[in-house]
Every structure is written in C-alpha cells, then in structure tokens.
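Chains as they are written, first to last, in the numbering used here: chain A, 188 to 757; chain B, 188 to 757.
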C-alpha cells in the first residue's frame, strides 16, 4: 500500500491564490531579534524532545485521571454509580438468561468516608475464566458489538467501579459467582493494572457449594470497599433504587441501606419484559466509512448477497433496486467494485425506500405500566402515558415513552418534576444537559394551558416521566447520565410530550369549565329556596309541594349543566 | 500473589442478620411454573453463551460509535471540532518550542456537505516516525503523563478528527511536516484501523524542500476532507477563531473561510506567554491508590527521599514531620513499610501544613490583556478583570481569571453573555453543563444591583469572561466543551465573580446617584433664572449683575453636588 517517492511538493498547490499575501506579510519582522534567535535554538531540539515524550495512554490511565467522566466525581455520586453499575449488570444478566431478577443490595458504613457495597443477583453467573477480564479491564464486554437494547453497553462500568475502589481504599474488588452447570463457585479478588488496562488477580478461591443461603443455585455477587458519602434526597442511592424498581416491575429488589430498616420492592409483574433481539444495521444509518469497511470485510460474493445478509430490512428486490439505481447488476461481484462505484452505491441508498428497522430489538415499559408506576408514587388527578412507535437515529432503532401525572397533591408553584430513564435505568444527574430536558423546555406548554417562563421548564402541578429504549443510547458521557441531543430523538420526545400535553390541556379546560359551572350552579342553588318560598306564597303551596318544586329546579339545573359539559367535551 | 484454596464460604458471613428474611420470602413461588422451567433451560447455557460474546473493545471502536463524545455530533459541530483540534495542537507545539505562532486555516467547500480543512503552522514539526501514531492512534500523545498547562491533554483530538474524516468521506488524513534539522519534509496519508486502534499508512512521500512558500523552515500542515456544514453565528468556526485570537494575543492567525474574504488576526503581543513548567504531584491531591502505587514504584530508598523526590513542595523537614506524625522515622526504608503503615502515612498528610503547589506550571492570560480583549470587542462603560491566585483541586494547580464588560451598548434586557475559556481555548458548546455557568447562576447578583430570576443567569448589559488555566482541566466529556463541577473550581470562579460583581455594584450605584443628582440639579437649575429675576427686581440689579448672581448660584450648586458625590463614594 505504501508508496515512497521523492517529489517536489505539488499536492498542496490548491492553496488559495490569495495565500501569496501571507508570504509577504511582515509578521516575522515584528518579532524582536533576540526572541527569534532564542526560538531558533529551541526549535532545533523541540521536535526530538517532543518525540521522546510521545507515549501511549492506556484507557485505564485515561479514566483514572478523568474519573468524573464515569460518574465518580465526588464521594456521594461515587456510591450511587457503584451501586448502579452492579445493579445494571445484574438486571441485564438475568434478563439475558430469562430469569426473573432478584437482587440484594447491601451498603455498610465502615469509617467516616468509607463504605462497603455488595450487590448479589440470581443471574446465570459468569464463566470462571471471564471473571478477571470483566471486572479488571475497561472496555471489555458482551454488549458493545451487538445492536440490542441493554442497560450496559460499553464494558466500562463495573471495572471502573473496581478501579475507583482501588484508587480510594487500595482494596481489590471481590467477586463470587456460580453457574448452574458446575458444583463449585469461584471467588476472585481483582485489581487493575492501570498502565496495561489488565486485571491482576490478587486472590482466587474455589468454593464448594454447601446449599448456602447466600447465593442461589446460580448468580453473582460483587463486593467493593470505596470512599463514599451516603446522602438522602433525589440524587441518592435510595432514590435510584426506588426508581429502578419503578421501571423494572418484574424485579424484586431488597436493599439494606447503611442506616435504618431494609426496604423490599416486591416484583409487581411476573412477566419478563419482551426479550429484545439483536439486529443488523439498517442501511439508512450506516456511514460511508463503515459501508466501505463492510464491503471490504464481507463474506458475500455479490451485491445482492451483501445487502441482504449484512443489513436488516433489505430484501433481494431492494438490493436489486439499489444496484440498478447506479446502473449496476445485483449479481455484480463485490470484489470487482471500484472505489467510486462503492461511493455511488452508498449515495443511492437514501433514495431507495426501505422499511424502518425491526423494533423487536426494543423492549418498552409500556404505557399501562408507566401509568401504574406514576399512580404508585404520585397523588394526582390525571395520569397519562404514551409509547411512541419505534424510529431511527443514525440507523439505531429507538422508541420514546412519556407519561405525566397532573394535579392532585403535586406542588403547583414549582417547575415540573422530571423522571428520566434510558433502557429502564433511571438517570439522576446532568438533567440540564439531557435531550429529554431540552425537549421539555422547547415544547410550547403555554398552548396546553400551562405556565412556562421563557427558555425554562413549565411550571405547574406535574410530573413528566420519559423513557428512551434503544439498541444504542447515545449518552453525553461515559457515566451515562444524560442523552445526547440527536435531532431525531428530540423530535420523538417532543411528539410524545405533545400528546401528553393535549391531555393535560383538555383536563385543565374541563376542570376550569367544571369550576365555572360549579360556581354558577352554587350561585343559582343559593336562590332556589328563595324561589321556592316565593312560589309557595304566590301559589299557596304547602311545605311538601315547595320541597318538590325546589328538587325539580335542582334536577333541571343539574341536567342542563351535564348537557353543557358533554357538549363542550365533544 | 494468587492463592488457590477450596474453602467453605465464610467470607461473606458478614451479610446482615436480617438477611434471613430474604430466604424465607416466597418470591420464587410467585413465578409460574412454565416460566421457571423455561428460565432453567436457558440458564444452563447463558453463562457460556455470554462468555463467547465477551470481547475486548478498542478505544477507536468505542469512540467511533460514540463520536458525539468527541464533539462530532453533527456536521456543523464536526467542522468546528476538526479546526479546533488542529489549531490547539499547532498553538501548543509553537509554545513548547518557544516560537511565536503563525497559523493558516483554510476551509474549502467541495460538495454540498463536504469540506476540506487544512491547518498549517510554523511549529517545530514532528519527527517522521512519530507522525503515524500521533495522527492514527487514539490516546497517544506527549501531554497526558505530564502535569503542565496545555491545550491538548488526552492524545485523542486530532486522531479522532482523522477518524471522522475516514468515517464520513472515506478519505485519509494528510500530514506534511518538516523539522529544522532535516532538509526534506515528510508527507503521510493515514487511516485508522479502528479494531486495532492503530495507524495504517496509505501513502508516504519524502519531499525535498525547495524554499517553498507554503511551509516555513519548519512546521506542520494537516489536511482532511470531512462531511460538514458551515454556519455563521456564536457556535461557528468563525466565532471560535475570533475568540482564539482574543485569548492568544501572541498568535497571528490567518483564516480563509469557505465563502467571503480571508481574515487576518495580527498578533498584538510579541511576547510568548510565560512558559508553563511541568510539576510533580502535590501531596494533598494524591489519592490512596495512587500513593500506594507510588510507594511500590519509587526508586527512593527512604521515606524522606520518597516524599522529597516524588512530590512538589515537600522539603526534608516536611517529610520528617509526615513520618513523625505516625511515629515513623524519616530514614525508614520504603521497602519495610507495612500496608497499614502506608495507609497511616497517607492519612497523616492532610494534617501537615504544606505549601500550595508551585504556580509556574500555569500561564494566565492576565487581567490587563483580558480587559484589552473585552474593550476590543464590546462598547461598554465599565471593564474589569481579576486573576485569582493559583489554588488546587485534587492536587492539580489551577487558577481562575474573570473579566466583565458592563453597560454602554450592551443589551440590557437579555441574560448576560458568557465567554468561557480553558487553557486559552474558547468553549463554545454545552454552556449549561459547565461549572462556569453554574458558578454564575449560583452567585447572588441581586446583591450587586443586578436582576436575576431564580436559578438563572443575571439579566443586564453585561458580558462575563472566565478563564481556567490548569495543568489538568477536568472536562465533562472528551470533547472538552464544559468544565466539571469540582467544588474547589466552583468556589474560585465564584470568588472571581464576586470581585467583578462588587465593581459592577459600585458602578451601578455611582451611576444611579449621578443620575439622581443630575435630576435634582436640573430641577434646581430650572429655577435659578427665576431666582435671579426675582433678586433683580427686589435688589434692582442690572442684567449683568443678574447674570453674575445666576452663575454664582450654579457654581455653588455644582460644588455642593461634587462634595456629596465624593462623600458618598468614600
């Protein structure tokens, strides 16, 4: 591939002609002589000095120095992140194995700023020789190379928690795991060699299973000692576990906080979420560089084979359409394509109508469960939820669900409360940086009868619940706290919010009309006895007849009011 | 290190006693039989199936999928990021070599969504065999392992831009570089093998230098073809280059935009910024895990040698104090320390008074240059800037500079405008996620006579300029667009803002008093002629005498007004 030639440099001749000015510009004359001399002396060496300093940086070293990128900014957030990474893994593993999850979280305080965290699950367990890498190497995992909805996706989280433990307490991460097909379980104590991004097994035990009550027949338990801080409140571990239970009604979660009673969230559904299937990339979402790579690496022989086998939603007929649109034959051999033909093929894809990617890689919570979740937590007058149809950003299928609770006991003078979820994981931090927040702020709530200061969240007695389910959620950082601002995602969230907004609007108008009519009614009602009394005197009715007249008047009033309400509601 | 034993598991016996409840809870009975059976069948295999899927993820693959983390979210941001990464490198290289930078940026439109970007500098150039790795491998660079202020720090940026070019246009990144000590220059065309995170040299030429006008005697030129979108406005390349010139008055920058005339920002200062020196870590900022690692890896023999050679600001006397505080001798051999002694030593450090780290690793812009920069851009009534003394977060020295322009022609009904810089690099995106914004919002501007809606930016005719200079700026993402919320950094920014706020407050009060007095004065002045007229009639003065009386009255009024102002200003 490499051509070595000595040529006069002409390849850069396309520099603009005005560039001639640059040479004439007297900038260098401005420098004082001494400085120029000095700079010359230094320049002689700098390129070589710099060359000596150039070094590879391991991903562990990088994240050790940038641990805030992974959610370990401060001790209270570190506690939350540690629990979150372990619980995410447990829930993913259980679902992958078709097991209804049962998770036990134990947090104990050891010293002023030191806590031990243990998370245990009834998942499938981990094969012995994989344990060190999964817990002692960043960027190692099963989910990255698959397009499938999962909580974890990067292979960073749990190893990062272990690295944080090691950084702050010097203690290794401890793993106990058992798979069903083996009698014994394995226990490891693992540290990370940051320079190599590789696990160091500090201790390894094989433990004969003795029908012990701690682990089930299979499962994994992870334990760490970390510098941390335990706080209550909306950003707390308690809040995270509560919201996790909300978004995962099929899981039983038992939580021993460092202080106070243990909490048990019983599963409310015995059905596992619809299993999400891995899918192939969709042609609309593939970028030119990736397309070229796929062409080079495919085992397919012909264009037709290539398109139908490497992509989702490409039938032989569609493959033919793509090929023909650039005057190629679908039977053309892949190996004979020129670079310009490849680029032409790529550019023709958006012009061919191709079905949206299959949505069975997605597993929504569902509007009914969202409404139940909201009802469990908030006393409101109106609950509503919507699950949008799946759609695509950069070829990745995703869907948005939104729910609202309105009125009732919710505070009416505050900005609305937001609950954000991605693949059923609650997002507690970086609310202001999240696409969900941006979508809420940029929705015009005034048209739905809500107050909204310019560029801010709407104000009113409302909670907004938003969930994105995707084979690949684009987060704004590795700590996965906020969703990036992709226009397709923003649009879908807005559409979901607008549907909720309309319901709120109808509810508010109805309530207002109801209140108005109630006011009128009570006003008229006040006079009914007087009218009755007047009629009795005029018509010389007795007490019983007067009562009947009053009742008739009340009934008539009630009927006409209902009619108006029904008419207005149409 | 690895002990292999088969034991009954007792190490987990510390599970809380209430844990007994868990076993008794009848959760599993709730599952319906069919489901349990199914799950069993699946479980048998899942651990092994998962094991087969476990794979290493290369850092290039990771960022390819998460390119928004690096600032390549969309075509217009990608254009900005590409220019920024190249310019940051050029400025860093020039300063490292003691060269006054001269940078030529050329952006040309090739097709509707396709642009070529070229950035050329007069820096020291790059040694030939380093070129492929620097431009074709993520996490490779000279700045990561040094504590020193620089624009680049991660060794990701320029390779990521190249990867983006490859992804969107399939074209390699092209580099031309010459170092002073060699006659020939080298030209490379490089792609990245994402799976290996390694450079692929597509083409390599040696070019004999022919006194060509394009590159100087030494320098580097980087050229890329990318999918992009050229926009004007505050988030644009134009804006970035303008702000870069503001914060780097020692650089000459020539910019050929894709449309319109070229722009030349002449340097306004012939002095290079104070050279920032690399420093050693400060004891206060080192974490236990790092401390343990340093103890294990040091070449020092004794505690005294260890502390004085591996840290900054530790004199032999301080080393002795640390050792003695835990009843150790400073001559104690490092190799003889027990783990618990190491932890005790570590814990004693915060109790010993140690000088703040040296600030010569920092290179502030300076209050005077900030004021000049603000004056050049904004027509205001008041300019003020402050450079805070250096301080420390997690052992990393940093300093904050803040400047304000107030009044004049600035819009008075809008939230204030914010200009953010980190190590002289303008930050254009993610304003709401930045510590600088948080510090502004959480400062009480009402006490400085400014309006401020709750939880929002202050409103008024003001621009706020904030610069953080640090040996390691903690960004919220790899794209380096916002500063993370470290409490020490927030505090320093607030202190700088408060100093600016006080000046604004004084200015506003003074203006108000001045206005009040002007009003009073004009009110009294209105009556002076009438008084003069009355006096003339009573005292029978002539026209000239009346005029004298009027003048005397005016002078007296002026004097007393000045006296009041001076008195109030005390």
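For glycine and all other residues, C-beta sits at the position ideal for the given N, C-alpha and C. Keep in mind it's a predicted model, so treat the numbers as computed, not measured.
- Where residue 585/A is concerned, the enclosing beta strand (DSSP E) starts and stops at 583-593.
- Chain order gives the chain A residues near residue 659/B as 252, where near means a beta carbon separation below 8 angstroms.
- Approximately 5 angstroms separates the beta-carbon atoms of residue 570/A and residue 592/A; this is inside 8 angstroms, confirming the contact.
- Taking the C-beta atoms as reference points, residue 669/A is found no nearer than 7 angstroms to residue 661/A.
- When rounded, the separation of the alpha-carbon atoms in residue 653/A and residue 351/A is 31 angstroms.
- The shortest C-alpha to C-alpha distance from residue 679/A to any of 623/A, 637/A, 709/A, 705/A is the one to 623/A.
- The alpha-carbon separation between residue 274/A and residue 312/A amounts to approximately 14 angstroms.
- For residue 283/A, the uninterrupted alpha helix (DSSP H) segment begins and ends at 262-283.
- In the three-state scheme derived from DSSP, where H, G and I count as helix and E and B as strand, residue 483/B is classed as helix.
- In the assembly as shown, residue 555/B is an exposed residue. Its beta-carbon has fewer than 16 other beta-carbons within 10 Å.
- Within the segment 344-393 of chain A, the complete beta strand (DSSP E) runs of at least 3 residues fall at 360-365, 371-380.
- Per DSSP, residue 533/A lies in no beta strand (DSSP E); the unbroken alpha helix (DSSP H) holding it starts and ends at 526-535.
- DSSP, read as helix, strand or coil, puts residue 513/B in coil.
- Taking a Cβ-Cβ threshold of 8 angstroms, the residues of chain A close to residue 331/B are 242, 244, 248, 249, 252, in chain order.
- Nearest to residue 389/B by alpha-carbon distance, out of 383/B, 289/B, 262/B, 376/B, is 376/B.
- Taken through DSSP and simplified to helix, strand or coil, residue 259/A comes out as coil.
- For residue 665/B, the closest C-alpha among the options 308/B, 346/B, 299/B, 237/B is that of 346/B.
- Taken in chain order, the members of the segment 341-353 of chain A whose beta-carbon sits within less than 9 angstroms of a beta-carbon on chain B are 341, 342, 343, 350, 351, 352, 353.
- Under the Cβ criterion of 7 angstroms, residue 619/A is counted among the residues facing chain B.
- In terms of Cβ geometry, residue 360/B and residue 322/B form a close pair [threshold 7 angstroms].
- Around the CB of residue 729/B, fewer than 16 other CB atoms lie within 10 Å, so the residue is classed as exposed.
- Taking every protein chain shown into account, the CB of residue 576/B has fewer than 16 other CB atoms within 10 angstroms, so this residue is exposed.
- Closest option to residue 673/A, judged by alpha-carbon separation, among 640/A, 684/A, 620/A, 253/A: 620/A.
- Secondary structure of residue 408/A (DSSP, three-state): strand.
- Across the set 513/B, 467/B, 517/B, 687/B, the C-alpha of 467/B shows the shortest separation from the C-alpha of residue 500/B.
- Counted as a single uninterrupted DSSP element, the beta strand (DSSP E) harbouring residue 656/B occupies residues 649-657.
- With respect to the C-alpha of residue 472/B, the residue from 602/B, 536/B, 516/B having the closest C-alpha is 536/B.
- Classified as exposed, residue 714/B has fewer than 16 neighbouring CB atoms from the shown chains inside 10 Å of its CB.
- For residue 475/B, the nearest CB of chain A lies under 7 angstroms from its own CB, placing it at the interface with that chain.
- Residue 454/A has its alpha-carbon roughly 38 angstroms from the corresponding atom of residue 639/A.
- Not a single C-beta of chain B is nearer than 7 angstroms to the C-beta of residue 430/A.
- Think of a sphere of 8 angstroms around the beta carbon of residue 409/A: no beta carbon from chain B falls inside it, the nearest being about 11 angstroms out.
- Note: residue 625/B is not bridge-paired with any residue in the DSSP secondary-structure output.
- Following the DSSP letters along the chain, one finds residue 320/B inside the alpha helix (DSSP H) bounded by residues 318-323.
- In this structure, 498/B is the residue among 411/B, 232/B, 498/B with its C-alpha nearest to the C-alpha of residue 583/B.
- According to the DSSP assignment, residue 289/B belongs to no alpha helix (DSSP H) but to the beta strand (DSSP E) extending over 289-298.
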